[in-house]
Amino acid sequence: MTKTVYMDKYPIFSLSIEKNECKYDTIEAILEDLKAKVEAHPIAKFIAVFNNYEHTKSLEGEIAPEILDARNLVFCFGQAIPNSKILAVRPRSIGICETKERFILDFLEAPKEQMHATMESWVKSLINVA
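Below, the structure written as structure tokens:
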């Protein structure tokens with residue numbers, strides 16, 4: 001897992017998994033696994049799967065040629081609303097991108113370390129440990 005700062009301000013955590021090292025062969029199977037983890041979590045709430053690839057394609061927007069598919073799993077960990085600012089960092093999203101050789105999962109750093117650790121464990125669990 002690597003951390004980068006995107007556009008000089010967004011802390012993004014990324015995991016690139018070679019297809020032969022992933023538990024799943026398709027982006028749909030990855031989404032189902034992650035969705036099940038969200039639904040099993042005591043405070044997480046599944047919201048949607050957003051097909052970013054189809055949306056961008058429908059707008060005739062630019063898509064990097066190596067990207068075959070791109071979707072977001074959208075969910076929320078909201079257990080409290082201590083102030084209005086917390087709403088700016090909710091809901092959460094894990095982006096799943098498919099290329100010819102790998103799946104790349106990206107998510108924005110969560111404000112609470114426990115939630116961040118949960119998301120990190122979810123994406124790392126996709127690696128086939130054989």
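Numbering (the UniProt record's numbering), first residue to last: 1 to 130.
Ideal Cβ placement from N, Cα and C applies to all residues, glycine included.
Model, not experiment: these values are computed from the prediction.
Can you tell me whether DSSP reads residue i as helix, strand or coil?
i      : result
VAL5   : strand
LEU126 : coil
ILE47  : strand
LEU68  : coil
Could you give the first and the last residue of the continuous beta strand (DSSP E) run that contains residue i?
i      : result
LEU105 : 102-108
ASN52  : Careful: ASN52 lies outside any beta strand (DSSP E), inside the alpha helix (DSSP H) at 52-58.
GLU98  : 92-98
Mind checking whether residue i and residue j have CB atoms under 8 Å apart?
i     : j      : result
ARG71 : LEU105 : no
TYR24 : LEU126 : yes
VAL74 : PHE50  : yes
Below 7 Å, is the gap between the Cβ of residue i and the nearest heavy atom of the ligand ADP?
i     : result
SER58 : Although the ligand ADP was asked about, the structure shown includes no ligands whatsoever.
Per DSSP, what are the beta-bridge partners of residue i in this structure?
i      : result
PRO111 : Note: PRO111 sits in no beta bridge, so no partner.
TYR24  : Partner(s): none; TYR24 has no beta bridge.
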